[in-house]
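Asker: So the protein sequences, as listed, match chains A and B.
Using this note's numbering, the first residue of the first sequence is number 500, and each one after it goes up by one.
Using this note's numbering, the first residue of the second sequence is number 34, and each one after it goes up by one.
We put the beta carbon where it would ideally sit given N, CA and C, even for glycine.
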Amino acid sequence: MSNEDLELRRREFLKIAGGSAFMSLVAGAGFTALPGTAWSAHHLKALSEDEGKTLLAFARTLFPHDFLADSYYGNVVNAVDEKAAADAALRQQITEGVARVERLSKKNFGDQSFHQLGEKARTRVVKTVEGTPFFSTMYGETLGGIYGHPDVWKVLGFEGSSVEHGGYLERGFDDISWLPKE
Amino acid sequence: MAQFDLNDDSVVVIIGSGAGGGTLGNELAQKGVKVVCLEAGKRLTLADITNGGEMFAKISWLDPREGSGDLDPNFPAWICKTVGGTTVHWAAASLRFQPHEFKALTTYGRVQGANLDDWPISYEDLAPYYDLAEDKMGVTGTNGIPRLPGNNNYHVLAAGAKKVGYTDYHTGNMAINSRVRDGRPACRQLGFCMSGCAIGAKWSTLYTEVPKAEATGNYELRPESMVIRINHDASGKVTGVVYADADGVMHEQKARVVCVAGNSIESPRLLLNSASSMYPDGLANSSGQVGRNYMPHLTGAVYAVMPGEVNLHRGTQMAGIIRDESRYDAKRGFAAGYELETLPAFGLPGYPAYAKPGGWGREYARDIEAYRNVAGLWIVGEDMPQEINRVTLSSKQKDRFGMPVAHVHKQDHPNDKAMREHAWKQSTALYESLGARKVYTRMPFSSTHNLGTNRQSSDASSGVCNGFGQTHDIANLFISDGSQFTTSAAENPTLTIVALAIRQAEYIAGEMSRRSI
Ligand SMILES: Cc1cc2nc3c(=O)[nH]c(=O)nc-3n(C[C@H](O)[C@H](O)[C@H](O)COP(=O)(O)OP(=O)(O)OC[C@H]3O[C@@H](n4cnc5c(N)ncnc54)[C@H](O)[C@@H]3O)c2cc1C
Ligand code: SF4
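1. Could you check if B:Gln517 belongs to the surroundings of ligand 2, using beta carbon to heavy atom distance under 6 Å?
2. Between B:Ala191 and ligand 2, is there a pair consisting of the residue's CB and a ligand heavy atom that are separated by less than 6 Å?
3. Compute every distance between the C-beta of A:Ile675 and the non-hydrogen atoms of ligand 2, then say whether any falls below 6 Å.
4. Which residues mark the beginning and the end of the alpha helix (DSSP H) in which A:Gln591 is found?
5. Determine the burial state of B:Ala532: buried for a count of at least 16 other Cβ atoms within 10 Å of its Cβ, exposed for fewer.
6. Using the beta carbon as the reference atom, which residues fall closer than 7 Å to any heavy atom of ligand 2, ordered along the chain?
7. Note down the Cα distance separating B:Gly54 from A:Leu554, rounded to an integer number of angstroms.
8. DSSP three-state label for B:Phe108, please.
9. Inspect the CB distances between the stretch 387-398 of chain B and the stretch 411-428 of chain B and report whether three or more fall short of 8 Å.
10. Just list the residues that DSSP pairs B:His203 with in beta bridges.
11. Just curious, the beta strand (DSSP E) that A:Lys653 is in, first and last residue?
12. Near B:Gly229, what residues of its chain come up, given a Cβ to Cβ distance below 6 Å and the 5 sequence neighbours on each side ignored?
13. Mind listing the chain A neighbours of B:Gln222? Cutoff is C-beta to C-beta under 7 Å, in chain order.
14. Which same chain residues end up closer than 6 Å to B:Leu165 when comparing Cβ atoms and leaving out the 5 residues on each side of it in sequence?
15. Taking Cβ to Cβ, would you say B:Val293 is nearer than 7 Å to B:Val497?
16. With a threshold of 8 Å on Cβ separation, who are the neighbours of B:Ser43 within its own chain once the five nearest residues in sequence on each side are excluded?
17. Looking at the C-beta of B:Ala248, does it have a partner C-beta in chain A at a distance below 7 Å?
18. Compute the beta-carbon to beta-carbon distance between B:Asp416 and B:Asp362, rounded to the nearest angstrom, for a pair I have assumed lies under 8 Å.
19. Report yes or no: do the stretch 497-517 of chain B and the stretch 258-270 of chain B share at least 3 C-beta pairs separated by less than 8 Å?
20. Please go through the stretch 214-298 of chain B and give each complete alpha helix (DSSP H) segment of 4 or more residues, from N-terminal end onward.
21. Mind checking whether the beta-carbon of A:Gly630 lies closer than 6 Å to any heavy atom of ligand 1?
22. Is it true that the CB of B:Tyr327 sits closer than 7 Å to the CB of B:Lys443?
23. Just verifying my parser: in three-state terms, what is the DSSP assignment at B:Glu420?
24. Is there at least one Cβ from chain B nearer than 7 Å to A:Val624's Cβ?
25. Alpha carbon to alpha carbon, how far is B:Val472 from B:Leu373? Give it in angstroms, no decimals.
26. With DSSP as the reference, label B:Trp94 as helix, strand or coil.
27. With 8 Å as the C-beta to C-beta threshold (strictly closer), list the residues of the stretch 556-569 of chain A near chain B in chain order.
28. So for B:His482, helix, strand or coil by DSSP?
29. What does DSSP give as the partner residue(s) for A:His614 in the beta ladder?
30. Judging by CA-CA distance, which residue of B:Ala160, B:Met170, B:Glu167, B:Met207 is the nearest neighbour of B:Pro182?
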């Protein structure tokens, strides 16, 4: 990279900087629900419909955000299903994990399936399997799937790549307003 | 651009093109010394640097390593494997050590379980080279270069610092241009320094030292060249290195002098892997200290949910520093000191992954929803050198060239623990003084500062090299990276690595012209 290239790139940034300011999707303290759809488990490749329902509820229990429609957690289940279809060991890990979660639910909560339980009960079940390989798989997939999603970034306020906008120099890098005056 | 023959035994071979190796190569080439730099990683251009997590996979050292003790078992350290080394990912905080930190043993006295020593050089010895390094790197707050403007995360840090009574805080000494300098633009507050600076405002040997060295005609860089072993002759002098090229084909490059700058895990690995019948414990290891005294700094992090928006991803990632705790004050109950520096949350999914590793559930989700309000800082302090903290060759795993992978062990010394507790407490008070709703304190990330595994010592029996990085055992073998640190000091290490490399270049060129090496 020559100095000339650097200078050129710099000028490009100056040109594109100062464009549209970030529009917050947040009104007040709560978040507007993200438009999404219900999610159906009947198209899964490797997993059964019932397994899909359990995983959906599991993902939401890990990171419960009321503004997120089921389809966001459903994407996580789809991704797990894809991987399980290509990996027999993973497929088995999921099946066994789900079976254990269902056993725990039915035994402790009046024969109800995990996805039928309230959040408190679901949380207790998830706590019981915390630390298992099944939990780790679901944890990693849900963390990456939910918080890697650009829609979620928008709601929570992570603004992503900035170089194409000329950085934050003119876009609020020092716009903090609530601090005590120095 | 020069090209040297494999049999040219007049060249200086430098292993690694990061802070130490990149600087040393340029300094030697400027003096007319012929240099071949062998770098394991690929060569990127600025156009390859993007704003996002994908950079991590592109340039980090992902070859297998083993960690034990307090380290991540699979990813003990975060280091780069690319031309420019870890200066592509680094945050660019560039601080001088304090004079007393070169005399750790004298200042702190014997600390049980610690292998403390004084450096063979003093602050005064290094001061002129600090001057040169700051000028080379364009460090803000030196040479009349203005400091960077503070971002939101910094303003929170500064306001809290003031509230709890700190007085020595500012936007740091950064190797990031605050105005156009050295053909590179001023920082645009992109906020992705640790992915690589996409506009080159941040100093990295990738686009400073390496191309400048190439322009001399005395320097050849060979990327994707992984050195496996250093050879020597019957007199014990090193004669060249064996390396694998991009296709895995092995070559031997002859050399008059060999300088090891692969960072503190790979450098001792290479010396250990070069064991021979003459040097059964590895090269330059008559002291038994090669690989020992591994110091990843005392670190830790703090994330706080503040009462208003911070948007900490905006702007320079290491945007400011509090220095009050970097002094040595025995009254605090531990030796040495630490710095507090702003830290980003690395966006999403970084924040939920890092604030409370493994965290989940309704309450955690609520704190994640407060992402906009999060402020963060990093603790970096002097850790105690311990012989048990060391790099060894794995007995279980080899890499694709058949070289045993590095096993890295690190466990906290009680002094490290006491310091971290103190820093967590101070940081929590700082954020709470501004009304933080929740404060998360966390243990270290995979080590980004890796030091001490081939340390300098006055006495040949207690370290690997002298004050110039020249190994005690082999006159034409040098240590040119952070592994030569005798102690870690509280400050981020790179400015010192660069200053040592400039000083070493002067010494090597002098010794070569005197024909002593
Ligand atoms: C995210 C992050 C942020 C950081 N921020 C700061 C900061 O703000 N301030 C600061 O002072 N420091 C910071 N650091 C640390 C800093 O990057 C390192 O201290 C510095 O780069 C170390 O220099 P080095 O020469 O020892 O090694 P490196 O810069 O790591 O270079 C070593 C090079 O050697 C190559 N290599 C290794 N083995 C071989 C081999 N066998 N054959 C050929 N090539 C080999 C590697 O591929 C690599 O390119 C940060 C690090 C990270 C990861
Ligand atoms: S904040 Fe400045 S130094 Fe960091 S990546 Fe952006 S332009 Fe480069």
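Answerer: According to the structure data:
1. Here the question's residue 517 of chain B lines up with position 484 in the second sequence. No; taking the cut-off as 6 Å, the Cβ of B:Gln517 has no heavy atom of ligand 2 nearer than that.
2. Numbered from its first residue, the second sequence carries residue 191 of chain B at position 158. Not so, every heavy atom of ligand 2 lies at least 6 Å from the Cβ.
3. Position 176 of the first sequence, counted from the start, is the residue given in the question as residue 675 of chain A. A distance criterion of 6 Å places the beta-carbon of A:Ile675 beyond contact range of ligand 2, judged by its closest non-hydrogen atom.
4. Reading the first sequence from its first residue, position 92 is the one you call residue 591 of chain A. Run containing A:Gln591: 587-607, per the alpha helix (DSSP H) assignment.
5. Position 499 of the second sequence, counted from the first residue, corresponds to residue 532 of chain B. Buried.
6. A:Gly666, B:Ala125, B:Ile209, B:Cys220, B:Arg221, B:Gln222, B:Leu223, B:Gly224, B:Phe225, B:Cys226, B:Cys230, B:Ala231, B:Ile232, B:Ala234, B:Lys235, B:Gly348, B:Thr349, B:Gln350
7. Position 21 of the second sequence, counting from 1, holds the residue named residue 54 of chain B. Position 55 of the first sequence, counting from 1, holds the residue named residue 554 of chain A. Answer to the nearest angstrom: the Cα atoms are 50 Å apart.
8. Counting from 1 along the second sequence, the entry for residue 108 of chain B is found at position 75. In the structure shown, B:Phe108 sits in coil (DSSP, three-state: anything other than H, G, I, E or B).
9. no
10. Walking along the second sequence from the start, residue 203 of chain B turns up at place 170. Per DSSP, B:Ile354.
11. Position 154 of the first sequence holds residue 653 of chain A. Careful: A:Lys653 lies outside any beta strand (DSSP E), inside the alpha helix (DSSP H) at 649-655.
12. Walking along the second sequence from the start, residue 229 of chain B turns up at place 196. Here the set comprises Ile82, Met88, Val121.
13. Taking the first residue of the second sequence as position 1, residue 222 of chain B is located at position 189. Contact annotation for B:Gln222 against chain A: Gly666, Tyr667, Leu668, Phe672 [CB-CB distance below 7 Å, chain order].
14. Against the second sequence, residue 165 of chain B aligns to sequence position 132. The answer, listed in chain order, is Ile535.
15. One-based indexing of the second sequence puts residue 293 of chain B at position 260. One-based indexing of the second sequence puts residue 497 of chain B at position 464. Taking C-beta atoms as the reference points, B:Val293 and B:Val497 fail to come closer than 7 Å.
16. Sequence index remark: in the second sequence, residue 43 of chain B carries index 10 (1-based). The residues are Lys67, Arg289.
17. For the purposes of this step, residue 248 of chain B is taken as the residue at position 215 of the second sequence. Closer than 7 Å: no.
18. Working through the second sequence from its first residue, we reach residue 416 of chain B at position 383. Working through the second sequence from its first residue, we reach residue 362 of chain B at position 329. Actually they do not touch by this definition, with Cβ atoms about 17 Å apart.
19. yes
20. 242-248
21. For the purposes of this step, residue 630 of chain A is identified with residue 131 of the first sequence, where counting begins at 1. Checking every heavy atom of ligand 1 against the Cβ of A:Gly630, none is found closer than 6 Å.
22. The residue you call residue 443 of chain B lines up with position 410 of the second sequence. The residue you call residue 327 of chain B lines up with position 294 of the second sequence. Closer than 7 Å, so yes.
23. Stepping through the second sequence from its first residue, residue 420 of chain B is reached at position 387. Residue state, collapsed to three classes: coil.
24. Here residue 624 of chain A refers to the residue found at position 125 of the first sequence. A:Val624 does not count as touching chain B.
25. Taking the first residue of the second sequence as position 1, residue 373 of chain B is located at position 340. Taking the first residue of the second sequence as position 1, residue 472 of chain B is located at position 439. Approximately 15 Å between the Cα atoms of the pair.
26. Locating residue 94 of chain B in the second sequence gives position 61, where the first residue counts as 1. B:Trp94: coil per DSSP, three-state reduction.
27. Within the stretch 556-569 of chain A, contact with chain B at the beta-carbon level (separation under 8 Å) is assigned to Thr560, Leu561, Phe562, Pro563, His564.
28. Taking the first residue of the second sequence as 1, we reach residue 482 of chain B at position 449. Three-state DSSP puts B:His482 in coil, outside helix and strand.
29. Translated into positions along the first sequence, residue 614 of chain A becomes position 115. In the DSSP output, where bridge partners are listed per residue, A:His614 has none listed.
30. For the purposes of this step, residue 182 of chain B is identified with residue 149 of the second sequence, where counting begins at 1. Selected option, being the one with the closest Cα: B:Met207.
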